[in-house]
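Numbering (my numbering), first residue to last: 92 to 309.
This is the structure in structure tokens:
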């Protein structure tokens, strides 16, 4: 009769493969959802990253121009004042001690308070002599090394910012286009895998053959 089972094939191998493909397809769905999210995120982040790189380069240029207009432009004058200050501080300490000694030597009797003041100024004089020697070395070191290094670092930072911007401007659209093409391929592969899986599921029905009509089986 129509609908009677004629042949039932062994399903063991098919059922094992069905389990494997079902698990693989579940993972494929998750990976595709992940790729879809990442693609959408890159569509948003790419122009933002490019805009931020442009801003960073602009800020670096502005800071460099400000440094040239303020620090670098007045650096020589500031250094000259620093050198004068070193001499003035040393000369002031020495002169104060000299005058103090002259004033106290004119007195017949030096009081305890005056002795303390004298010792304190002698200490200041010794300290100022030491500081003057150290400051002179640091001043010469700055003239010889630090200024040149500072200029080199500033120029290098500016060049790095420009190169970074050029790299970002060139690679951002390329990376975005690569991501789009890659996602398009991922989508096609996923759709094909879905179709193949559906076909494989449908093949399971063929493992049981039923009579299409009433009749005799040959």
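Where is the CB? At the ideal position from N, CA and C, for every residue including glycine.
Small disclaimer: the values here were computed from a predicted structure and weren't measured.
- Spatial neighbours of residue 99 in its own chain (CB-CB distance under 6 Å, excluding positions within 5 residues in sequence) are listed in chain order as 299.
- Proximity of the segment 141–148 to the segment 234–246 falls short of the contact definition, fewer than three beta-carbon pairs being nearer than 8 Å.
- Spanning the alpha carbons of residue 266 and residue 158 requires a straight line of approximately 35 Å.
- Bounds of the alpha helix (DSSP H) holding residue 259 are 238–294.
- Cβ atoms of residue 97 and residue 304 stay farther apart than 8 Å, at about 12 Å.
- When rounded, the separation of the alpha-carbon atoms in residue 189 and residue 178 is 16 Å.
- The Cβ atoms of residue 263 and residue 141 lie closer than 8 Å to each other.
- Excluding residues up to 5 positions away in sequence, nothing lies with its Cβ nearer than 6 Å to the Cβ of residue 101 in the same chain.
- Cα atoms of residue 120 and residue 281: separation of roughly 8 Å, rounded to the nearest angstrom.
- By the C-beta density criterion, residue 161 is exposed, having fewer than 16 other C-beta atoms within 10 angstroms.
- Taking C-beta atoms under 8 Å as the contact rule, residue 302 and residue 92 qualify, at a distance of about 7 Å.
- Put simply, the segment 124–131 does not touch the segment 219–238. Fewer than three CB pairs are less than 8 Å apart.
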